[in-house]
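The next block holds one structure in the form of structure tokens; read it before the comments.
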Amino acid sequence: MSEIAVAVLLALSLAVALFSCIGLTFVRGYFNRLHYLAPVTTVSTTLLLAAVVVKYGWSQAAIKMFLIWGVLLLINSVLTHATARAARVRKLGHWTPDPKENIPGAGGSR
Amino acid sequence: MNEWLIASGVLLLALIPCGIATFRGSPMERLLGLEMAGVIETMFLVTFAFALNRPNFLDLALAMGLLCFGGGLVFARFLERWL
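Chains C and X, in that order, are what the protein sequence lines are. Residue numbers are given in this note's numbering: position 26 of the first sequence equals residue 26, and the series is strictly consecutive. Here this note's numbering runs 110 ahead of the position in the second sequence, where the first position is 1.
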């Protein structure tokens, strides 16, 4: 039973990873592409962690995998923000919202 | 051949679209391909460690994840200002 659960969790994890990679490659626009980094580091790695825990229980390997999962989860959000900010600075010279841009929720204040 | 080895193979295949993304588009779009490849490589190292039945190799995956963060951040900073 646990073998089937591991196989299903791994297959789902890989499907999400493949979908995200293909999306990142073929979707147009930088900021649209940026979204595809998130499913891999959140859904895919969580399913991988679940597969490891189901297979090996709370062993040393699972605890290490838990650490890797935490690192990827924390790091990727920071990296996504940094690259989005870099793209905006490269394009506009600054990254804060401009009142002329009419961004919803920005309020027009700097 | 166990399920972890098959997963490793599939993750290696997932690097192909990342490679395509890295070889075309603007510099910022190429950086996204590189960042995605870093995450996929980390996952590959995890599955490959279990495929070889050597959980100690998970340290490599952890190192890879941390180094990808540093590399991506430095690239983003350089592309922001200088390149």
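Note that CB positions come from ideal geometry on N, CA and C, so glycine has one too.
Quiz item: Measuring CA to CA, which of 33(C), 29(C) and 64(C) is closest to residue 160(X)?
Solution: When only C-alpha atoms are compared, the closest one is 64(C).
Quiz prompt | C-alpha distance - residue 12(C) paired with residue 125(X), whole-angstrom precision | solution = Annotation: residue 12(C) to residue 125(X) spans about 17 Å, alpha carbon to alpha carbon.
Quiz prompt | Sequence-distant residues of the same chain with beta carbon closer than 8 Å to residue 130(X), five excluded per side | solution = The beta carbon of residue 130(X) sits closer than 8 Å to the beta carbons of 143 from its chain, once the five residues preceding and following it are set aside; these are given in chain order.
Quiz prompt | For residue 55(C) and residue 45(C), the rounded distance between their alpha carbons | solution = Answer to the nearest angstrom: the Cα atoms are 15 Å apart.
Quiz item: Cα-Cα, which of 73(C), 94(C), 100(C) and 68(C) is closest to residue 37(C)?
Solution: For the options 73(C), 94(C), 100(C) and 68(C), the alpha carbon positioned closest to that of residue 37(C) is the one of 73(C).
Self-check item: Simplified DSSP assignment, three categories, for residue 29(C)
Solution: Residue state for residue 29(C) is assigned as coil, using DSSP reduced to three classes.
Quiz item: Taking Cβ positions, are residue 175(X) and residue 71(C) nearer each other than 8 Å?
Solution: The Cβ atoms of residue 175(X) and residue 71(C) sit closer than 8 Å to each other.
Quiz item: Quick one: what does DSSP say residue 56(C) is sitting in, helix, strand or coil?
Solution: Of the three classes helix, strand and coil, the one that applies to residue 56(C) here is helix, per DSSP.
Quiz item: Residue range of the alpha helix (DSSP H) that residue 118(X) falls in?
Solution: Bounds of the alpha helix (DSSP H) holding residue 118(X) are 113 to 133.
Quiz item: Which class does residue 93(C) belong to by DSSP, given the choice of helix, strand or coil?
Solution: In this structure, DSSP gives residue 93(C) a state outside helix and strand, which the three-state scheme calls coil.
Quiz item: What are the boundary residues of the alpha helix (DSSP H) that includes residue 169(X)?
Solution: Segment 168 to 191, the alpha helix (DSSP H) holding residue 169(X).
Quiz item: Distance, Cα to Cα, residue 163(X) vs residue 147(X)?
Solution: Going by C-alpha positions, residue 163(X) is about 24 Å away from residue 147(X).
Quiz prompt | As assigned by DSSP and simplified to three states, the class of residue 136(X) | solution = Coil at residue 136(X), not helix or strand.
Quiz item: For residue 9(C), is the classification buried or exposed, using 16 other Cβ atoms within 10 angstroms of its Cβ as the cut-off for buried?
Solution: Classification for residue 9(C): buried.
Quiz item: residue 72(C) versus chain X: which residues are under 7 Å apart at the beta carbon?
Solution: Chain X residues near residue 72(C): 149, 152 and 175.
Quiz prompt | Neighbouring residues, chain C, relative to residue 133(X) (Cβ below 7 Å) | solution = Chain C residues near residue 133(X): none, gap ~10 Å exceeds 7 Å.
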